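Have a look at the structure below before the remarks.
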Amino acid sequence: MEGREVSRDWPGKDATGSSKRFMVLWPSPSMVHIHDEGSEFDAPLDAIWKYLEDPAHGLAHKDRRNGERKLLGENTLELSFEQEIDGRWTKGRNRITLFPPLGYAVELLEGPFAGSKAFTIFTPQGKKTRVTVTGEYVSSTVPPGQVEENVLRSLQRIFDEDNEALRQYASR
Numbered sequence: 041m042e043g044r045e046v047s048r049d050w051p052g053k054d055a056t057g058s059s060k061r062f063m064v065l066w067p068s069p070s071m072v073h074i075h076d077e078g079s080e081f082d083a084p085l086d087a088i089w090k091y092l093e094d095p096a097h098g099l100a101h102k103d104r105r106n107g108e109r110k111l112l113g114e115n116t117l118e119l120s121f122e123q124e125i126d127g128r129w130t131k132g133r134n135r136i137t138l139f140p141p142l143g144y145a146v147e148l149l150e151g152p153f154a155g156s157k158a159f160t161i162f163t164p165q166g167k168k169t170r171v172t173v174t175g176e177y178v179s180s181t182v183p184p185g186q187v188e189e190n191v192l193r194s195l196q197r198i199f200d201e202d203n204e205a206l207r208q209y210a211s212r
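Residue 93 in the numbering used here sits at position 53 of the sequence shown; the count goes up by one each step and never skips.
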């Protein structure tokens, strides 16, 4: 992570007898905090969780192919896939930790936003479910001034694809 480095003395000595120091990295301009709220899925919360756990869920995302799910634990999985970005296929890998019924955390491990972390929170609204995404996004390939725009565009596309698939899924 890039950033402004600030060092401070830490009480005590290290193995060489020198004072211990710690470092704090402040977010760089290429890190963007995004809090996106106000969207609503046209499906109740229980339908969303069934949809998310269904292996067919990945088929809703038209810009992805060769998806694989690997369970890492009871509530944690890793998704590997190829994603089309600007006409080119790029490898992506995400670690997702589920916290039903509240939401899930995602860590982007590989791809243009590797190092980013976000939470998606679900709030039941009867036959609909409000969606809030909040996270810190970084990119080594997207220019700093374009990270926010690219992330918001991606979140909107994913929401639209999932919402359309959820309408069909919930009506079964």
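Glycine included, C-beta positions come from ideal geometry on N, C-alpha and C. Model, not experiment: these values are computed from the prediction.
- Taking all protein chains in view, the Cβ of G175 is crowded by 16 or more other Cβ atoms within 10 Å, so the residue is classified as buried.
- In this structure, I88 lies away from F159, with their beta-carbon atoms at least 8 Å apart.
- For the pair of segments examined, the region 189-202 was found to touch the region 166-180: the number of CB pairs separated by less than 8 Å reaches three.
- Per DSSP, reduced to three states, the secondary structure at V182 is coil, with no helix or strand assignment.
- Its chain contains P152 and N190 as the residues whose beta carbon lies nearer than 7 Å to that of V182, once the 5 sequence neighbours on both sides are disregarded; these appear in chain order.
- Here L206 has F81, A83 and Y91 as same chain residues with Cβ atoms under 6 Å from its own Cβ, once five neighbours each way along the sequence are excluded.
- Inclusion of E201 and H97 in the CB contact set at 8 Å is not warranted, their separation being larger than that value.
- Our two residues, D94 and I136, have alpha carbons roughly 14 Å apart in a direct line.
- Beyond the five residues adjoining it in sequence on each side, A145 comes within less than 6 Å, by CB distance, of T137 and F159 in the same chain, given in chain order.
- For L149, the enclosing beta strand (DSSP E) begins and ends at G143 to E150.
- For L117, same chain residues with a beta-carbon under 6 Å away, outside a window of 5 residues either side, are R109, L111 and I136 in chain order.
- For S79, the beta-bridge partners assigned by DSSP are V171.
- Checking the DSSP bridge columns, you'll see K110 partnered with E118.
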